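Trainee: I'd like to ask you about the structure that follows.
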Amino acid sequence: MTASRVNAFVPRAPIVWGLLAALGSLASGCAAEGKAPAAQEAPSEAPVPPPLTTNDAGVADAASCDDCAFFRPTCEAGSFCPVVGVDIEAPLILSDLAGTSATNVWASGAKGALLHYDGAAWSRIKGPDASLAQILSRTETDVWTASMLSQIFIRPEGVDDPWPTARLVPLLLEGNVNGMWSSADATWTWLAVNIYSAESTLNIKRVRKTATAYRYEEPFHCGGRCDHFRILPFMDVHGSSKDDVWAVGQMGNVYRISAADADRPSAEIFDSRTYATLHGVWASGPDDSWAVGSGGTIRHYTGSPDRRFEVVGSLVTTTLRAITGSSKTDVWAVGDGGVILHYDGMAWSRVPLGDVHGRPDLYAVWAASPTQVWAAGDSVLLELSVAGRTTGGGS
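Those letters in the sequence shown? Residues 72 to 466, by the numbering used here.
Okay, structure coming up:
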């Protein structure tokens, strides 16, 4: 389960005319040998301005960008605004969101950041002492997090404390856990991983709880060395049910896992019709799966028997990092430079941000309903504002 940067034009400092004359002579010599001389730039006496920062980009002059209308100074109805009462200090990154309902939403991030929304307010939770790249809420009490060091921490089920001492699942990984997914009724939790030394298995793994421990499994072996595409990193995983799971990754890799909760699952490759890295996947059913990725890539599978995704026109060219939805007619995608997109079952539209400093990259999005949606990223936790000003959650 990255950001447009504004490059400032910096005028050249005054140049000694004698040096220019010498360069002119050199250029003439090159022209005599059949090479066109480079155009000379007139010296400028203007002072060198400081370079624009990412935060400056959010308040840039309207004439300097074509999407300034999506970055508004106040929180308006229909825009995403900072959650009130939660102070996300820069440079803290929130990298993932997960939940089971509008009264159970989790956010995780760097430096052990862990936040929980109970339907009334967000609160900070004392969790594992690690940077938490991924989070999964199977139920309200069965919550998993994955660190940036390939560790998985699991909150014990049936406890009253928000997060007591977490259990550590040992993983034989030499890379990262990029995505986690499981349904409440599933035995297995699926992982999209980046294992640098993989030679004979897909970078799609799974973990389940046994009577005494947790079992880690590599279910898909290639029968020898995997080809180049199979050992590429997978970036995200999601399912429409415990037996129908999708995984996406680099070079447009898409695999569908059938009988995913059985002893012998099967994986079948699908044609995403792109070589772009796919960072996010979300599925509402066997015939409805979305994938998003680099360059604003959007792909949609609607049940085609030839296993091909449809190419969907995108409103942006920035990288899309995550996708989620509450139904076929309510799908959300987020990405670099504060981009948030919404699909209503007919078409995609761009959604504005309000009262947000700069243009933060967004890495996660989660929706409980069409009016209860959260997004997270670079030093921000945002929510969809229905009334025009958030009050701490679910406005």
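Using N, Cα and C, we set each Cβ at its ideal position, and we do this for glycine too. Quantities reported herein were computed from a predicted structural model and do not represent experimental measurements.
As an exercise, report each continuous beta strand (DSSP E) stretch of at least 3 residues that is fully enclosed by the region 369 to 399, in chain order.
Mentor: 369 to 372, 381 to 383 and 391 to 398
Trainee: Which one of R209, V248, T210 and I206 has the shortest CA to CA distance from S221?
Mentor: Taking the Cα of S221 as reference, the smallest distance to any Cα among R209, V248, T210 and I206 is reached at V248.
Trainee: Assign A284 to one of three DSSP states: helix, strand, or coil.
Mentor: coil
Trainee: From the DSSP secondary-structure annotation, give me the bridge partner or partners of T272.
Mentor: BP columns for T272 point to H292.
Trainee: First and last residue of the beta strand (DSSP E) that includes F14?
Mentor: With the chain covering 72 to 466 only, the question about residue 14 has no answer from this structure.
Trainee: Using the Cβ count rule (16 or more neighbours within 10 Å means buried), how would you classify A318?
Mentor: Taking every protein chain shown into account, the CB of A318 has 16 or more other CB atoms within 10 angstroms, so this residue is buried.
Trainee: Rounded to a whole number of angstroms, what is the C-alpha to C-alpha distance between A404 and G310?
Mentor: 17 Å
Trainee: Going by the CB atoms, is the gap between D307 and A331 shorter than 8 Å?
Mentor: no
Trainee: Measuring straight from C-alpha to C-alpha, what distance separates I196 and F224?
Mentor: Using only the alpha carbons, I get a separation of about 14 Å.
Trainee: Do A347 and T373 count as a contact pair if the criterion is CB distance below 8 Å?
Mentor: In this structure, A347 does not lie closer than 8 Å to T373 by Cβ.
Trainee: Tell me whether M417 is buried or exposed, calling it buried when 16 or more other Cβ atoms sit within 10 Å of its Cβ.
Mentor: exposed
Trainee: From G170 to G409, what does the alpha carbon distance come to, in whole angstroms?
Mentor: 22 Å
Trainee: Quick check on S365: does DSSP put it in helix, strand or coil?
Mentor: helix
Trainee: Could you give the distance in angstroms between the alpha-carbon of S337 and the alpha-carbon of R327?
Mentor: 8 Å
Trainee: Can you tell me whether A148 is helix, strand or coil according to DSSP?
Mentor: coil
Trainee: State buried or exposed for S172, treating a residue as buried only when at least 16 other CB atoms are found within 10 Å of its CB.
Mentor: exposed
Trainee: Between F305 and A263, how many whole angstroms is the CB-CB distance? I'm expecting something under 8 Å.
Mentor: 4 Å
Trainee: Taking M251 as part of the beta strand (DSSP E), name the residues at either end of that continuous run.
Mentor: N247 to W252
Trainee: What are the boundary residues of the beta strand (DSSP E) that Q321 is part of?
Mentor: Counting along the chain, Q321 falls outside any beta strand (DSSP E), and DSSP gives it neither H nor E.
Trainee: So what does S456 bridge to, in DSSP terms?
Mentor: In DSSP, S456 forms no bridge with anything.
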